[in-house]
């Protein structure tokens, strides 16, 4: 019988994997419309729409980011299945991979959740006067409207699962019951 700690850790891994599949697909699909909406908002503020491209501000998902995210999702799903099957290798690889995901969750993913703050910080540091006049909140809001209403919740869930969830996975897989099962 699968210990509760291993089952719960695996469920967390599968949930996190799901976010790495959903977010890039939606980002790739709705990103061009979000970018157009952001550029329209920029133009409505009397600024050249190209100011976003000049500063690499993009509200979509590139092919490379989709491939990377999907690869992370596949790894997480594979680790969850290894853990559920009782593989000691899955446990060790989970400790390593979840630690990497935890760091990514702390360093990279907050920018996806707190987009306005991160872009505003970059704008304040910029020498580009057009960019400094930009109402970032309005631009981000315009882009966000191109995405489904539930999308921000999935992005926030990924941040929580990547940080607190990764930490829980590491701890649960280190518990004695998990150790006996994952031999």
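Residue numbers (the numbering used here): 630 to 812. From the three backbone atoms N, C-alpha and C, an ideal C-beta is built for every residue, glycine too. For clarity, every value in this text was computed on a predicted model and none was experimentally measured.
When the options are compared against residue i, the one with the closest alpha-carbon
i, options, result
"residue 691", "678, 669, 656", "656"
"residue 671", "763, 786, 654, 792", "763"
"residue 775", "724, 689, 740", "689"
"residue 789", "749, 677, 648, 746", "648"
"residue 653", "725, 634, 702", "702"
"residue 795", "727, 772, 769", "727"
"residue 735", "631, 769, 787", "787"
DSSP state of residue i mapped onto helix, strand, coil
i, result
"residue 766", "helix"
"residue 759", "helix"
Same chain, Cβ closer than 6 angstroms to residue i, neighbours up to 5 away in sequence not counted
i, result
"residue 813", "Here the chain has residues from 630 to 812 only, and residue 813 is not among them."
"residue 639", "709, 712, 713"
"residue 717", "811, 812"
"residue 646", "702, 705, 706"
Chain-order list of residues whose beta-carbon lies under 8 angstroms from that of residue i (same chain, five-residue window excluded)
i, result
"residue 636", "713"
"residue 684", "751, 755, 757, 760"
"residue 695", "653, 654, 656, 657"
Legend entry - Sufficient close CB pairs (3 or more, under 8 angstroms) joining the segment 726–735 to the segment 783–799: yes
Legend entry - the segment 775–787 / the segment 701–709 touching (three or more Cβ pairs under 8 angstroms): no
Legend entry - Touch test, the segment 738–747 against the segment 658–672, Cβ-Cβ under 8 angstroms, three pairs minimum: no
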